[in-house]
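Visitor: Each residue of the sequence shown is one higher than the last, beginning at 23 in the working numbering.
Even for Gly, the Cβ is constructed at its ideal location relative to N, Cα and C.
Here the structure is a predicted model, which is why all the values come from computation and not from measurement.
Next up is a structure, given as structure tokens.
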Amino acid sequence: MKKNRRSFLSLGAAALATSTGCQPGADAAKAPPSELGAAVSEYGSRSPFEKAARLHNSPTPATASSRTPLEEIHGILTPPSLHFERHHAGVPQLDPAKHELLVHGLTDRQLIFSLADLKRLPSVSRIHFLECAGNSGSEWRGAGGDTAQRSHGLASCSEWTGVSVKTLLAECGLQKAATWVIAEGADACLMARSIPLEKMLDDALIAYGQNGEALRPEQGYPLRLLLPGWEGNTSIKWLRRLHVTSEPMRSREETSHYTDLLADGQAREFSFEMDAKSLILKPSGGQQLPGPGAFEISGIAWSGRGRIEKVEVSLDGGEKWIAAALDEPRLPKAFTRFRLPWSWKGADTILQSRATDDTGYVQPTTEQLIAARGSNSNYHHNGIKRWRIEASGKVTNV
Ligand SMILES: Nc1nc2c(c(=O)[nH]1)N[C@H]1C(S)=C(S)[C@@H](COP(=O)(O)O)O[C@H]1N2
Ligand SMILES: [Mo]
Numbered sequence: 023m024k025k026n027r028r029s030f031l032s033l034g035a036a037a038l039a040t041s042t043g044c045q046p047g048a049d050a051a052k053a054p055p056s057e058l059g060a061a062v063s064e065y066g067s068r069s070p071f072e073k074a075a076r077l078h079n080s081p082t083p084a085t086a087s088s089r090t091p092l093e094e095i096h097g098i099l100t101p102p103s104l105h106f107e108r109h110h111a112g113v114p115q116l117d118p119a120k121h122e123l124l125v126h127g128l129t130d131r132q133l134i135f136s137l138a139d140l141k142r143l144p145s146v147s148r149i150h151f152l153e154c155a156g157n158s159g160s161e162w163r164g165a166g167g168d169t170a171q172r173s174h175g176l177a178s179c180s181e182w183t184g185v186s187v188k189t190l191l192a193e194c195g196l197q198k199a200a201t202w203v204i205a206e207g208a209d210a211c212l213m214a215r216s217i218p219l220e221k222m223l224d225d226a227l228i229a230y231g232q233n234g235e236a237l238r239p240e241q242g243y244p245l246r247l248l249l250p251g252w253e254g255n256t257s258i259k260w261l262r263r264l265h266v267t268s269e270p271m272r273s274r275e276e277t278s279h280y281t282d283l284l285a286d287g288q289a290r291e292f293s294f295e296m297d298a299k300s301l302i303l304k305p306s307g308g309q310q311l312p313g314p315g316a317f318e319i320s321g322i323a324w325s326g327r328g329r330i331e332k333v334e335v336s337l338d339g340g341e342k343w344i345a346a347a348l349d350e351p352r353l354p355k356a357f358t359r360f361r362l363p364w365s366w367k368g369a370d371t372i373l374q375s376r377a378t379d380d381t382g383y384v385q386p387t388t389e390q391l392i393a394a395r396g397s398n399s400n401y402h403h404n405g406i407k408r409w410r411i412e413a414s415g416k417v418t419n420v
């Protein structure tokens with residue numbers, strides 16, 4: 023990997039200039055601007071030249087979702103303003119001074135926490151991706167979107183700050199029979215999911231912070247449950263209740279939705295973990311290469327079961343696989359950025375990437391996935407994504 027990187031850089035300035043099309047800087051020293059710039063501001067804004075935007079497909083709040091423009095994001099963190107959204111009854115406007123979280127059921131004490139109460143408890147900050155189980159669902163039918171945003175944009179990655187659910191449950195005291203926790207939101211659909219107590223005591227968070235500021239209303243302001251690595255639907259937003267029980271409630275969201283219908287008519291239920299996945303973003307569908315020469319292939323990989331160990335890239339339709347360099351830090355259940363220097367000769371090319379996580383799980387092809395699970399489901403598609411570079415430099419969905 024190191025060797026590849028060196029040879030990319032050792033092309034030398036002159037070679038790089040011709041291979042990437044950049045010009046030597048003859049009259050670079052133009053006169054500096056003489057006018058004053060803008061004044062300081064209380065809350066920042068982006069340059070008017072920057073146009074990255076969420077893509078939304080639905081005008082009604084009840085079925086709304088919007089997608090992160092993954093191909094325009096640098097590094098591994100998603101700006102809150104570009105975090106994907108999925109909500110089933112619109113975004114409620116909750117007053118943080120009035121919002122409360124009730125913890126009850128099989129606990130020694132029934133407790134109500136205000137936001138101020140929660141902020142007095144020890145806080146933790148961790149970087150994790152969040153991905154809707156339906157992300158890249160259209161790939162089951164080979165109808166994947168023409169861009170990375172369209173096919174895979176229901177995934178984002180943030181630093182989340184809040185209180186461990188474990189800390190909270192310790193405050194309440196757990197009874198012996200407790201095995202499940204029903205989490206309920208304060209939006210009009212009363213979104214509820216049954217979560218095994220084991221997960222709650224492992225790495226579940228009650229988050230109030232997102233990338234350094236308060237959660238955005240779209241992400242569940244003022245409080246959300248955050249279940250690292252699990253299907254996004256379980257990370258209940260606008261969280262208002264944790265009901266400790268001894269069995270799952272079998273809510274709409276875990277029976278008619280978010281189950282995976284197999285070829286034999288049986289359904290997988292409680293398919294919580296998001297399996298390892300990767301995606302090449304540069305280049306990716308909808309982009310146009312200016313012409314043959316040096317490029318950096320770059321993308322993201324993630325696994326709901328742990329850390330990304332390896333990402334391999336194939337430049338020839340899957341014959342040969344080359345290990346890509348992985349950016350540090352490689353955090354568990356978080357996006358990991360991979361990179362591979364590449365010299366495109368101008369020929370029609372199929373690009374694809376394959377992730378391996380630290381459990382040894384290898385990202386399958388869509389064909390392997392369908393052989394195992396049929397193609398009835400909309401959920402949990404983590405198959406290898408292929409992009410085609412046409413001889414014209416146009417990048418298209420395969
Ligand atoms: N209360 C509530 N929580 C919810 C939802 C919702 O509609 N209401 N949508 C779920 C779904 S399907 C997903 S994928 C994630 C999306 O989180 P985000 O909008 O912050 O990206 O929130 C989950 N939590
Ligand atoms: Mo979702």
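(1) Hey, is the stretch 271-280 in contact with the stretch 207-220, meaning 3+ C-beta pairs nearer than 8 Å?
(2) Should the stretch 394-410 be regarded as contacting the stretch 160-172, the criterion being three or more beta carbon pairs within less than 8 Å?
(3) Is there contact here, the stretch 122-140 with the stretch 184-202, by at least three beta-carbon pairs under 8 Å?
(4) His110: beta carbon under 7 Å from a heavy atom of ligand 1?
(5) Using only CA atoms, which one of Glu334, Phe106, Leu261 and Asp380 lies nearest to Ala75?
(6) Which residue's Cα is closest to the Cα of Val187: Ala61, Gly254, Ala205 and Asp380?
(7) What is the rounded straight-line gap between the Cα of Glu318 and the Cα of Leu373?
(8) Under 8 Å, do Thr358 and Ala393 count as touching if we go by C-beta distance?
(9) Have a look at the DSSP bridge pairing and note the partners of Asn419.
(10) Secondary structure at Ser325, three-state DSSP: helix, strand or coil?
(11) Between Gly251 and ligand 2, is there a pair consisting of the residue's CB and a ligand heavy atom that are separated by less than 7 Å?
(12) Rank Met296, Gly321 and Glu295 by C-alpha distance to the C-alpha of Pro305 and give the top, closest one.
(13) May I ask whether a heavy atom of ligand 1 can be found less than 7 Å away from the beta carbon of His105?
(14) Only counting runs of 3 or more residues, tell me where the beta strand (DSSP E) segments fall wholly within the stretch 227-302, in order along the chain.
(15) Would you kindly report the start and end of the unbroken beta strand (DSSP E) that includes Ala214?
(16) Give the list of continuous alpha helix (DSSP H) stretches no shorter than 4 residues that lie fully inside the stretch 156-231.
(17) Does the distance from the C-beta atom of Trp366 to that of Pro312 stay below 8 Å?
(18) Should the stretch 372-389 be regarded as contacting the stretch 327-342, the criterion being three or more beta carbon pairs within less than 8 Å?
(19) Going by DSSP, what residues sit across from Ser147 in a beta bridge?
(20) Taking 8 Å as the cut-off, decide whether the C-beta atoms of Thr418 and Arg410 are in contact.
(21) Gly175 to Ala53, Cα distance in whole Å?
(22) Just how far apart, CA to CA, sit Leu152 and Ser56?
(23) Are the beta-carbon atoms belonging to Ser69 and Ser80 less than 8 Å from one another?
(24) State the DSSP-derived secondary structure class of Lys304, mapped to helix, strand or coil.
(25) What three-state label does DSSP hand Gln390 in the structure shown?
(26) With a cut-off of 8 Å, do at least 3 Cβ pairs link the stretch 103-118 to the stretch 239-252?
(27) Please state the DSSP three-state secondary structure of Lys428.
(28) Does any CB atom of chain C fall closer than 8 Å to the CB of Pro312?
(29) Could you tell me whether any non-hydrogen atom of ligand 1 is closer than 7 Å to the CB of Trp260?
(30) List the endpoints of the continuous beta strand (DSSP E) containing Pro363.
(31) Nearest-angstrom Cα distance between Lys24 and Pro244?
(32) I'd like to check one pair, Glu122 with Arg246: are the Cβ atoms closer than 8 Å?
(33) Under three-state DSSP, which class holds Thr371?
(34) What did DSSP end up calling Thr85 once you bin it into helix, strand or coil?
(35) Can Trp182 and Leu223 be called in contact, C-beta distance under 8 Å?
(36) If you draw a straight line from the alpha carbon of Gln288 to that of Thr100, how long is it in whole angstroms?
Guide: Quick look at the numbers:
(1) Result yes; three or more Cβ-Cβ pairs closer than 8 Å.
(2) Contact between the stretch 394-410 and the stretch 160-172 is present, because at least three Cβ pairs lie under 8 Å.
(3) Counting Cβ pairs under 8 Å, three or more are found: they touch.
(4) Result yes, Cβ under 7 Å from ligand 1.
(5) Nearest C-alpha to Ala75 among Glu334, Phe106, Leu261 and Asp380: Phe106.
(6) Per the Cα distances, Ala205.
(7) Distance between the alpha carbons of Glu318 and Leu373: 13 Å.
(8) Their beta carbons are not under 8 Å apart, which means Thr358 does not touch Ala393 by this criterion.
(9) Bridge partners of Asn419 according to DSSP: Trp409.
(10) Correct three-state label for Ser325: coil.
(11) Not under cutoff, so the answer is no.
(12) The residue with the shortest Cα to Cα distance from Pro305 is Gly321.
(13) Distances taken from the Cβ of His105 to the heavy atoms of ligand 1 include one shorter than 7 Å.
(14) Within the stretch 227-302, the complete beta strand (DSSP E) segments of 3 residues or longer fall at 227-232, 246-248 and 261-267, listed in chain order.
(15) Ala214 -> beta strand (DSSP E) spans Ala214 to Pro218.
(16) Complete alpha helix (DSSP H) runs here, min 4: 170-174, 187-194 and 219-224.
(17) No Cβ-Cβ contact shorter than 8 Å links Trp366 with Pro312.
(18) Between the stretch 372-389 and the stretch 327-342 there are three or more inter-stretch CB-CB distances shorter than 8 Å, so the stretches are counted as touching.
(19) By DSSP's assignment, Ser147 forms a beta bridge with Thr183.
(20) In this structure, Arg410 lies closer than 8 Å to Thr418 by Cβ.
(21) Straight-line Cα distance between these residues: approximately 42 Å.
(22) In a straight line, the C-alpha of Leu152 is about 46 Å away from that of Ser56.
(23) It is not a contact, given that the beta carbons lie outside the stated cut-off.
(24) In this structure, Lys304 counts as strand in the three-state DSSP scheme.
(25) The three-state secondary structure of Gln390, taken from DSSP, is helix.
(26) As far as the Cβ criterion goes, the stretch 103-118 touches the stretch 239-252, which means the pair count is three or higher.
(27) Given a span of 23 to 420 for the chain in the structure shown, any question on residue 428 remains unanswerable.
(28) No chain C appears in the structure shown, which is made up of a single protein chain.
(29) Yes, ligand 1 has a heavy atom inside 7 Å of this Cβ.
(30) Its beta strand (DSSP E) spans residues Thr358 to Trp366.
(31) At Lys24 the pLDDT is 44, less than 50, meaning the model places this residue with poor confidence; the figure from the coordinates comes in the next sentence. If you take the alpha carbons of Lys24 and Pro244, they lie about 45 Å apart.
(32) Their beta carbons are not under 8 Å apart, which means Arg246 does not touch Glu122 by this criterion.
(33) Look at Thr371 here: in three-state DSSP terms it is strand.
(34) Three-state result, Thr85: helix.
(35) Taking 8 Å as the Cβ cut-off, Trp182 and Leu223 do not qualify as a contacting pair.
(36) Rounded to whole angstroms, Gln288 to Thr100 spans 37 Å at the Cα level.
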